[in-house]
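**Student:**
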Amino acid sequence: MPELKVFIDFKSPYAYIAKDPTYQLEADFGIKIDWYPLTLNIGSYLGTAKKSGAKVVESNRSSNQWLSVKYAYRDARRYANLRGLTLKGTQKIWDSSLAGIALLWAKRQGHDPLKQYLDITYERFWKRELDIEDLAVVLAVLEEAGVETKGFEQWQAAEGRIEHDELQIELLESGVYGVPTYRIGGQTYFGREHLPRVRWHLEGEPGLLPDIANDSVLSQ
Amino acid sequence: MKQLDIYLDLGNVTGFAALPGTLKLLEATAVSVRWLPISSIIPRPLSRPPRPNTDKNDPAGDPLFEYKQKRYLAKRQFELDELNRDCQRLGLDPSLAARNVDASLTHIACMALLQRQRSALPFMQAVYESRLIKGESLTDQESVSALVKKFDVEDFLEGFERYQGLWVRHIEHYLELGIHDTPCYVLEAETFQGRQHLPLIQWRLEGEVGPPPL
């Protein structure tokens, strides 16, 4: 069975709605996905904006960037709604690097605690119940997920930060620039619409490569 | 019967790549369809290089420029891989499929067909064939006029200003709806940009029976 690497960022609504259809692959094929954080610099390609309530109080976005951002939220939300997931609008562009560093930490402690950490962080962050820039909050989530946290505080500020930052450069240079990205069978696929192709690799590549489609159906 | 509006940009391969799946969906469902042109604001199929976010266009003044540059190279590699995958699936020459030509005149010709209450699809297919298979550009009025004449529009040159006016109003209309990329599907005022949404559109058209595609 080929190895599957998946790259995510907690501040991406698209990565959030891809999580469960991606988990489904583990259930269907008996694999363990290798998860990595890709901390996006959204401001560099979609501009920045800050909201206070419903009002935009600061913005350097072009009208085209606003069109793209507004559509992306509407698009992600319609799929979230189909599954009863809450996806609240964001007030600012979050720095998700600390949550990404915590992902790397949780990963060292086993697959199940890692998935617990992903589940709790995604769900609460998108309900706007979690400040992923706050170390105490991230520590509490790790503990709740069953992850040993002794040493995390020091690690995240030193080796963890270095590992995360070096990983970002390495990923970008190797062709991973957005989330979710799937890497399997020597191919890199950006977007959950490529899940049919990921499945095709896991099935042993029978016939022709399928077209892209959001057509994953969860078993539950 | 429900109404489905389908917007295609005739200047690049992205809309063409959606045609097999879209036509298959239309065969399987009962729906009234309008084929409409769009000039995508997102460069397709390949991105443009980043520009520094400074007044003087100077990379040294933009702290994010190095990141933008690296991100652009990664994105471009993915887009090239994706283009090759599409070309393999559709039997196209990647060098022709990589082009993004100015499709304004062919979009204006679509307005002439729409004004006659005629489907623009056969003309759109002919434009794609000219550009993506024969390698023509169709960027001058005479060649577009000759092509649209085959679809019984005899007055493209004489009525050009009128059709151009319709095209400008059409652009204003779809931008008001927030439509900015190709292909785009509009079903009951809901917009779906990209062919990856076809399973969800089909699920909606078939009465939302069974689990939704995600």
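So the protein sequences, as listed, match chains W and F.
Each position in the first sequence, counted from 1, maps to that position plus 933 in the numbering used here.
So in the numbering used here, spot 129 of the second sequence is number 114, and the numbers just go up one at a time.
Note that beta-carbon positions come from the ideal geometry of N, C-alpha and C, so glycine has one too.
I'd like to know whether the C-beta of L199/F is nearer than 8 Å to at least one C-beta of chain W.
**Tutor:** Yes, L199/F lies at the interface with chain W (some Cβ there is under 8 Å from its Cβ).
**Student:** Is the CB of S1149/W under 8 Å away from at least one CB in chain F?
**Tutor:** By this cut-off, S1149/W is an interface position.
**Student:** Which residues does DSSP pair with S17/F in a beta bridge?
**Tutor:** For S17/F, which the question treats as bridged, DSSP gives the partners Q(-12)/F.
**Student:** Using C-beta distances below 7 Å, list every residue in its chain close to E1077/W, excluding the 5 sequence neighbours before and after it, in chain order.
**Tutor:** Same-chain partners within the cutoff: I1053.
**Student:** Taking P954/W as the query, report the chain F residues whose CB atoms sit under 9 Å from its CB, ordered along the chain.
**Tutor:** Residues of chain F passing the Cβ test: L199.
**Student:** Just to confirm the assignment, what range does the alpha helix (DSSP H) spanning R1132/W have?
**Tutor:** Where R1132/W is concerned, the enclosing alpha helix (DSSP H) stretches over 1128 to 1135.
**Student:** From M934/W to D1144/W, what distance separates their C-alpha atoms?
**Tutor:** Going by the C-alpha atoms only, they are around 22 Å apart.
**Student:** Would you give the residue range spanned by the alpha helix (DSSP H) that T1054/W belongs to?
**Tutor:** Note, T1054/W: alpha helix (DSSP H), 1044 to 1059.
**Student:** Enumerate in chain order the residues of its own chain whose CB-to-CB distance from P44/F is below 7 Å, with the five nearest sequence positions on each side excluded.
**Tutor:** Once the five neighbours on either side are set aside, the close Cβ partners of P44/F are P37, F50.
**Student:** For H182/F, go through chain W and note every residue whose CB falls closer than 7 Å to its CB, in chain order.
**Tutor:** Residues of chain W passing the Cβ test: N1147.
**Student:** Please list, in chain order, the chain F residues whose beta carbon lies closer than 7 Å to that of L1105/W.
**Tutor:** Those within 7 Å of L1105/W in chain F are K55, R56, A59.
**Student:** For P196/F, go through chain W and note every residue whose CB falls closer than 8 Å to its CB, in chain order.
**Tutor:** Correct list: V1150, L1151.
**Student:** Output the distance between the C-alpha atoms of G1137/W and N69/F, rounded to the nearest integer angstrom.
**Tutor:** If I take the Cα positions, the gap works out to 21 Å.
**Student:** With Y1050/W and A1069/W assumed to form a contact (beta carbons below 8 Å), what rounded beta-carbon distance in angstroms separates them?
**Tutor:** Their Cβ separation, rounded to whole angstroms, is 16 Å, which puts Y1050/W and A1069/W out of contact at 8 Å.
**Student:** Quick one: is S996/W buried, meaning 16 or more other Cβ sit within 10 Å of its Cβ, or exposed?
**Tutor:** Answer is exposed; the Cβ neighbour count stays below 16.
**Student:** May I ask you to report which of helix, strand or coil DSSP gives K60/F?
**Tutor:** Here K60/F sits in helix by DSSP.
**Student:** Applying a beta-carbon distance threshold of less than 9 Å, which residues of chain F neighbour Y1004/W?
**Tutor:** In chain order: G163, I164, H165, D166, T176, Q178.
**Student:** Kindly list the residues whose CB is nearer than 8 Å to the CB of D967/W, restricted to its own chain and excluding five residues on each side of it in sequence; keep chain order.
**Tutor:** E936, L937, K938, V939, listed in sequence order.
**Student:** Tell me, please, whether the CB atom of I26/F is closer than 8 Å to any CB atom in chain W?
**Tutor:** Yes, because at least one Cβ of chain W sits closer than 8 Å to the Cβ of I26/F.
**Student:** May I ask you to report which of helix, strand or coil DSSP gives Y1110/W?
**Tutor:** Looking at Y1110/W - three-state DSSP - the assignment turns out to be coil, as it is neither helix nor strand.
**Student:** At a CB-CB cut-off below 7 Å, which residues of chain W make contact with Q62/F?
**Tutor:** G1108, listed in chain order.
**Student:** Rounding to the nearest angstrom, what Cα-Cα distance links E127/F and L162/F in this structure?
**Tutor:** Roughly 32 Å separates the two Cα atoms.
**Student:** Please decide whether E1136/W counts as near chain F, where near means a Cβ-Cβ distance under 8 Å.
**Tutor:** Not an interface residue.
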